[in-house]
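In the working numbering, the protein residues as written are 1 to 95.
C-beta: ideal position from N, C-alpha, C; glycine also.
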């Protein structure tokens, strides 16, 4: 899972967290899932797809900054690459 929630976190550990921490973890998981669902709903070529890709890539980059998980960084780079590719193809059709 790509979020600020540690990979080793599970519901068993939730009893040691405060109510606020549990709410934050739940919100982070929900945000992550919603961003991925929003991206899945936007087909290639949709005008808002690059914005959604960029938002998810930025989130993954922030996750990498906090957790140091190479998978987060790899996904962020791939998504930013897709955004760049989309921009290139858009510009090549204009000129």
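Could you give the first and the last residue of the continuous alpha helix (DSSP H) run that contains residue i?
| i | result |
| --- | --- |
| residue 54 | 49-67 |
Could you work out which residue in the options is closest to residue i when comparing CA atoms only?
| i | options | result |
| --- | --- | --- |
| residue 83 | 56, 62 and 64 | 56 |
| residue 28 | 68, 80 and 63 | 63 |
| residue 72 | 32, 23 and 46 | 32 |
| residue 81 | 50, 19, 40 and 43 | 50 |
Inspect the beta-carbon positions of residue i and residue j and report whether they are closer than 8 Å.
| i | j | result |
| --- | --- | --- |
| residue 38 | residue 52 | yes |
| residue 59 | residue 21 | no |
How would you label residue i, buried or exposed, when you count the other beta carbons within 10 angstroms and need 16 or more for buried?
| i | result |
| --- | --- |
| residue 76 | buried |
| residue 48 | exposed |
| residue 79 | buried |
| residue 70 | exposed |
| residue 6 | Any reading at residue 6 is ruled out, since the residue's pLDDT is 47, under 50, leaving its predicted position unreliable. |
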